[in-house]
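Here is the structure we will look at.
Listed below in structure tokens is the structure:
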């Protein structure tokens, strides 16, 4: 498997993101879905990568830079067909490496509180992310879990 930057123009990648968005709306109330749309993922402050197995996208992750010192993990996703294969672990390790190379002080993220998001919350906790209050343009949403990881000792 390989992870590479993507410009979000390929149909298979768009289908993976549509699967992601559909699941977000099935798992959370509409007002608590904070996923970025395609245009936002193509924005200047966002870097987007896809993990490929042969010719199929099996996962994706984005980093949205908020300042020179921190970024937010967005759209981290394992394809439904690739669940349980360690895709999330590989994507998270990849994006942590990128964040360290970019010399961010910390990474933040928002995920859901519903059972659907439990595996995501668990992997983030295993990698040292701690719960915190809301940040950036978010509000205090009872359906959201906000997390942060310091990247410097």
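Numbering (the working numbering), first residue to last: 15 to 167. Glycine is no exception: its CB is placed at the ideal position from the N, C-alpha and C atoms. All of these numbers come straight from a predicted model, not from anything done at the bench.
Sheet register partners of residue i (DSSP bridge)
{"i": "residue 51", "result": "Bridge partners of residue 51: none, in fact."}
{"i": "residue 120", "result": "84 and 164"}
{"i": "residue 91", "result": "74"}
{"i": "residue 114", "result": "DSSP, once it has assigned bridges, lists no residue as partnering residue 114."}
{"i": "residue 17", "result": "65"}
{"i": "residue 158", "result": "126"}
{"i": "residue 13", "result": "In the structure displayed, the chain extends from 15 to 167; residue 13 sits before or after that span and is not available."}
{"i": "residue 60", "result": "78"}
Candidates the options, of which the one nearest residue i by Cα
{"i": "residue 58", "options": "146, 20, 106 and 79", "result": "79"}
{"i": "residue 146", "options": "128, 120 and 33", "result": "120"}
{"i": "residue 75", "options": "83, 91, 86 and 156", "result": "91"}
{"i": "residue 41", "options": "31, 130, 137 and 149", "result": "130"}
{"i": "residue 134", "options": "151, 149, 158 and 116", "result": "158"}
{"i": "residue 73", "options": "162, 160, 126 and 105", "result": "105"}
{"i": "residue 50", "options": "87, 65 and 17", "result": "87"}
{"i": "residue 126", "options": "137, 21, 54 and 47", "result": "47"}
Residue i in three-state terms, based on DSSP
{"i": "residue 102", "result": "helix"}
{"i": "residue 46", "result": "helix"}
{"i": "residue 149", "result": "coil"}
heavy atom of the ligand ATP below 7 Å from residue i C-beta
{"i": "residue 107", "result": "Looking for the ligand ATP in the displayed structure turns up nothing, as the structure carries no ligands at all."}
First and last residue of the uninterrupted alpha helix (DSSP H) at residue i
{"i": "residue 133", "result": "132-140"}
{"i": "residue 39", "result": "25-41"}
Residue i - containing beta strand (DSSP E), residue span
{"i": "residue 97", "result": "Per DSSP, residue 97 belongs to no beta strand (DSSP E) and is neither H nor E."}
{"i": "residue 146", "result": "144-146"}
Notebook entry, point to check: Are there three or more Cβ pairs, one per stretch, closer than 8 Å when the region 21-32 is compared with the region 69-84?
Noted result: yes
Notebook entry, point to check: Quick one: any contact between the region 125-142 and the region 102-111, if contact means 3 or more CB pairs under 8 Å?
Noted result: yes
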